[in-house]
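K.L.:
Keeping their order, the protein sequence lines are chains A and B. First residue of the first sequence? That's 662 in our numbering, and the numbers climb one at a time after it. First residue of the second sequence? That's 662 in our numbering, and the numbers climb one at a time after it.
Protein chains: 2
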Amino acid sequence: MTCAVLSIGTELTRGELVNSNAAWLATELTALGFEVVELDTVDDDRSRIVAALERLASGARVVVCTGGLGPTTDDVTTEAVANALGVRLARDEVSLELIRRRLEKFGRTMTETNAKQADFPEGADILPNPVGTAPGFGVRIGECMAYFMPGVPREMTKMFLDQVTPRIRALASNNLHQSRMRTFGLPESVVGEKLAGIEQDFPGTTIGYRAHFPEIEVKVLARAASHSAAREVCERATAEVRARLGGYVFGDADDSFAGVVGRALRAKGWTLAIAESCTGGLVGHMLTREPGASDFLLLDAVTYANSAKARVLGIDEDTIRWHGAVSSEVAAAMAVGAKRISGADVALALTGVAGPSGGGEQKPVGTVFLALARPDGTTDVKHRVFPGERLQIQTLASYAGLQLLRELCTPRPAERTSEIG
Amino acid sequence: MTCAVLSIGTELTRGELVNSNAAWLATELTALGFEVVELDTVDDDRSRIVAALERLASGARVVVCTGGLGPTTDDVTTEAVANALGVRLARDEVSLELIRRRLEKFGRTMTETNAKQADFPEGADILPNPVGTAPGFGVRIGECMAYFMPGVPREMTKMFLDQVTPRIRALASNNLHQSRMRTFGLPESVVGEKLAGIEQDFPGTTIGYRAHFPEIEVKVLARAASHSAAREVCERATAEVRARLGGYVFGDADDSFAGVVGRALRAKGWTLAIAESCTGGLVGHMLTREPGASDFLLLDAVTYANSAKARVLGIDEDTIRWHGAVSSEVAAAMAVGAKRISGADVALALTGVAGPSGGGEQKPVGTVFLALARPDGTTDVKHRVFPGERLQIQTLASYAGLQLLRELCTPRPAERTSEIG
């Protein structure tokens, strides 16, 4: 069954925003079994929205639209749909009340601008929005079902999964199965080389790659005569992918790298302390954005200045002066200091040059020393030089630090450690 | 002058790739003065490519296309264009020789598959590709100029800048001017209300809004008879926007909130210490992802466990036991402790409940205490309850903390402080 995606917004046609919504929806719709034939994007112009909608609806069984449902004057999607259908807008009292309550919860009063978000084309199937003010809606245009959702990704994804998916699932041809895995430690081209030939060995499968820096997501999509046959070949191909990639696969689509590390620490029953310098709190942020970090994280001492390294972690100022703040010696002392003052079982320390300035011939921008103080009292330091700009270097260093913790909790063969950087 | 972008590729319609090419081209075309009205994407299907091309060419003066010029069988763009024009494919000997040489340079022999990339619709304007094997080309379709480029971003961007831009520049109307501002502290609907009427007061202007949680970006786009007239009305409208939004505007499109706070601290010559709990390092990460944070940031003590609050910041354990870790008293003690141990001029502390668990009736999820220890020795605590899920609460709390620093450095009337949360 064919379907199309329509994205609405001048911020998209002007290129101010990369349209990740369309790619996300295309992935989901493909996984449901639809053949997605077109992803169109138009600006916030009533007549162009109407024209695109009529055109897509005449050729596809389902059209999924995002954007233009906000409260401001440039949000004209709802009016355009009413025009296309030749119906009036009607205010929905239930939606109005939900918007009012949501605004009150945040201490705000509803204005006419907000109330506009409770207007829908007459006869529309309203899709409540539990995480924002703009509800979505569905309408029938000829033989096509069209669904309209807000453009805010967090609101759109929830509305699509919870409300649109159940409404359209029956329209899809259910002969597809997909699996997704997240990997860290190999560049995309090497992941591709390691998986060469799998599509031929498992007919009906397609291997897809998506880079979410610095991770590579691998997808296995299988098509067969029936859904159970598709699932069977997908599972066999996925097992082959996992076997070839080994420890580079750290989890499923919904796992985060830091979340996996957190689970591993929790499983060991170890508490953690961190001492950061060049990464400036990013390791702590990655671990604590996942719920439950308080089970293992005691302290993250971001000792940015040398004086803080000395005062907070008790590092001898002569050590810093003699070896420099970016050195194996200081990294080790940071880890040992963080472990001692926090009483944690394990400590990770990072010190380096994130750039753009501060690099030298001996220690160019990207140089990072990573120290790991283990429960058995030993401390190791690794020296790495990461490529890229400041935030990339900070991100790669943070991943490398988390990888050390992952390897400590779940030792793997040496060949499976990171090859990036 | 209107233009459109057509992206071709099943990897795009299946969502395996986010279409960053289209956003890049839209930005470039807008900057050249074109009004980009549509970004369409179709799969590698001859008839759909032809239909999209004919449709876009009938409505736009320029259509820029990417993808489907590769050597494999699923690359059918060139054939589709020849079909649309009703002409034959002709092999170009110059392009063939360049492809042969390029392959030889990499130690490869040209096959018929490669040679296919030297075929073009008869009469096409060939665009050489110095960084890849697939040349591009331009054709006239009715009143429209259409250009076809490879989908590989590195090859596409070079071909567009070096070869397409000079060919289309004269077609662009250079009568646009745009300004962009970033705001924090007001929800989108309130920003919209404050700016109501500006489009009418300054004819030719359009106000656009874009949410980058928790910021709202405001754009003023002006169209006039000439570029200088557009700039003039844009500047006047922008001044009015800034006057109405006051201190909620924190910078231009390229400024980050943390970067603005860092600049303000640097201007004052103040050093900073932070003590975080519920935000887990996010405040430190936001400040240190900007270059030059070492000018002012001494320490960010992420004292996640109560024991760390006591050991690192020297907070009396009875204070924590008596008032709870999430309390005005502990927030104040964290700020005072961070200031004392680091020797910084200013200290910011945050302690709260980021959720999803840990909330109670007195201190629900979202409760955050923010303490500011000032250079004059005074310390204040603010109590807030932020809405949303874990990462949203952490983000709002971090912004609120940075906002306290911003206000300390550049005092503003009370009415201009944050209204979010």
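In this text, a Cβ means the ideal position worked out from N, Cα and C, and glycines have one as well. None of the values given here were measured: they were computed from a predicted structure.
Please say whether D956/B and E937/B have beta carbons closer to each other than 9 Å?
P.N.:
Cβ atoms of E937/B and D956/B: not closer than 9 Å.
K.L.:
Which first and last residues belong to the beta strand (DSSP E) in which M771/A is found?
P.N.:
Segment: none, M771/A is in no beta strand (DSSP E) and carries neither H nor E.
K.L.:
Go ahead and label P864/A buried or exposed: buried means 16 or more other beta carbons lie within 10 angstroms of its beta carbon, across all protein chains shown.
P.N.:
When all chains shown are included, P864/A counts as exposed.
K.L.:
For a test of your reading of the model: does the CB of Q861/A fall under 8 Å from any non-hydrogen atom of the ligand PLP? Yes or no.
P.N.:
This structure simply doesn't include the ligand PLP, nor any ligand for that matter.
K.L.:
Would DSSP call I1081/B helix, strand or coil?
P.N.:
At I1081/B the pLDDT is 46, less than 50, meaning the model places this residue with poor confidence; the figure from the coordinates comes in the next sentence. I1081/B: coil per DSSP, three-state reduction.
K.L.:
By a C-beta neighbour count over all protein chains shown, 10 Å radius and 16 as the cutoff for buried, is A785/B buried or exposed?
P.N.:
It is buried - the Cβ of A785/B has at least 16 other Cβ atoms within 10 Å.
K.L.:
Less than 9 Å between the C-beta atoms of A745/B and R841/B, yes or no?
P.N.:
Result no, Cβ atoms of A745/B and R841/B do not sit closer than 9 Å.
K.L.:
Closest to R709/A by CA distance: which of T674/B, R716/B, P791/B, D705/B is it?
P.N.:
Nearest C-alpha to R709/A: R716/B.
K.L.:
Taking beta-carbon pairs under 8 Å, can you tell me which members of the region 674-695 of chain B lie near chain A?
P.N.:
Flagged, chain order: T674, R675, G676, E677, L678, V679, N680, S681, A683, A684, W685, L686, A687, T688, E689, L690, T691.
K.L.:
Tell me, please, whether the CB atom of T1078/A is closer than 9 Å to any CB atom in chain B?
P.N.:
At T1078/A the pLDDT is 46, less than 50, meaning the model places this residue with poor confidence and gives no usable figure here.
K.L.:
Taking 7 Å as the limit between beta carbons, can you name the residues of its chain near R1077/A, skipping five residues before and five after?
P.N.:
Summary for R1077/A: the model assigns pLDDT 44, below 50, so the residue's position carries little reliability, and this model does not support an answer.
K.L.:
Mind reading off the beta-carbon distance from I981/A to A996/A? Whole number of angstroms is fine, and I expect it under 8 Å.
P.N.:
Contact flag wrong, Cβ pair sits at about 15 Å.
K.L.:
Which residues in chain B have a C-beta closer than 9 Å to the C-beta of S955/A? List them in chain order.
P.N.:
Correct list: Y965, A966, G1019.
K.L.:
If we cut at 9 Å on Cβ distances, does I935/A have a partner in chain B?
P.N.:
Judged by the 9 Å Cβ criterion, I935/A is in contact with chain B.
K.L.:
Under the rule that 16 or more other beta-carbon atoms within 10 Å means buried, what is A1075/B, buried or exposed?
P.N.:
With a pLDDT of 45 at A1075/B, under the threshold of 50, the modelled position of this residue cannot be trusted; read the value that follows with caution. Per the 10 Å Cβ criterion, exposed.
K.L.:
Check whether the Cβ atoms of L882/A and T691/A sit closer than 9 Å, and answer yes or no.
P.N.:
In this structure, T691/A lies closer than 9 Å to L882/A by Cβ.
K.L.:
Suppose the cutoff is 6 Å on Cβ atoms and the five residues either side in sequence are ignored; what does the same chain contact list for E677/B look like?
P.N.:
So the list is empty, once near-sequence residues are dropped.
K.L.:
Excluding the 5 residues flanking A751/A on each side, which residues of the same chain have their C-beta closer than 6 Å to its C-beta?
P.N.:
So the list reads E783, once near-sequence residues are dropped.
K.L.:
Alpha carbon to alpha carbon, what distance is there between W931/B and L673/B?
P.N.:
Taking the straight line from one Cα to the other gives about 50 Å.
K.L.:
Counting Cβ pairs, one atom from each stretch, are 3 or more of them under 8 Å apart for the region 828-845 of chain B and the region 876-892 of chain B?
P.N.:
Short answer: they touch.
K.L.:
Please tell me whether L882/A has its Cβ less than 9 Å away from any Cβ of chain B.
P.N.:
Yes, its Cβ sits closer than 9 Å to a Cβ of chain B.
K.L.:
Answer yes or no: do R892/A and I859/A have a C-beta to C-beta separation smaller than 9 Å?
P.N.:
No, the Cβ-Cβ distance between R892/A and I859/A is not below 9 Å.
K.L.:
Kindly list, in the order they appear in chain B, the residues whose Cβ is closer than 7 Å to that of R945/A.
P.N.:
With the sequence shown as reference, residue 945/A is identified as Gly, and Arg is not the correct amino acid for it. Going along chain B in sequence order, the residues near G945/A (Cβ under 7 Å) are G941, G942, V963.
K.L.:
Does the distance from the C-beta atom of V725/A to that of F798/A stay below 9 Å?
P.N.:
No, Cβ-Cβ distance for V725/A and F798/A is not below 9 Å.
K.L.:
Would you check if there are 3 or more beta carbon pairs closer than 8 Å linking the region 1049-1057 of chain B to the region 940-953 of chain A?
P.N.:
Flag = yes, the region 1049-1057 of chain B and the region 940-953 of chain A touch.
K.L.:
Using three-state DSSP, classify M817/B as helix, strand or coil.
P.N.:
Of the three classes helix, strand and coil, the one that applies to M817/B here is helix, per DSSP.
K.L.:
Could you tell me the alpha carbon to alpha carbon distance between T739/B and A993/A, rounded to whole angstroms?
P.N.:
Their Cα atoms are separated by approximately 60 Å.
K.L.:
Count the other C-beta atoms from every protein chain shown that fall within 10 angstroms of the C-beta of H838/B, then say buried if there are 16 or more, exposed otherwise.
P.N.:
H838/B should be labelled buried.
K.L.:
Nearest chain B C-beta to D735/A closer than 9 Å, yes or no?
P.N.:
At least one chain B Cβ lies under 9 Å of D735/A.
K.L.:
So which residues on chain A does A969/B lean against when the C-beta distance must stay under 7 Å?
P.N.:
The contacting residues are L959, L960, S1003.
K.L.:
DSSP state of F695/A, grouped into three classes?
P.N.:
In the structure shown, F695/A sits in coil (DSSP, three-state: anything other than H, G, I, E or B).
K.L.:
Does the beta carbon of A891/B sit closer than 9 Å to a beta carbon anywhere in chain A?
P.N.:
For A891/B, the answer is no, since every Cβ of chain A falls outside 9 Å of its Cβ.
K.L.:
Rounded to a whole number of angstroms, what is the C-alpha to C-alpha distance between S1079/A and L1065/A?
P.N.:
A caution first: S1079/A carries a pLDDT of 47, below 50, which makes its placement in the model too unreliable to give a value.
K.L.:
Quick one: what's got a C-beta closer than 7 Å to N682/B's C-beta in the same chain, skipping five residues either side?
P.N.:
Once the five neighbours on either side are set aside, the close Cβ partners of N682/B are S668, T727, G812, P814, M817.
K.L.:
With H, G and I counted as helix, E and B as strand and the rest as coil, what does DSSP make of I669/B?
P.N.:
Strand.
K.L.:
Spatial neighbours of V921/A within its chain, please: CB distance less than 8 Å, with the 5 preceding and 5 following residues excluded, ordered by chain position.
P.N.:
The residues are F911, G912, R1067.
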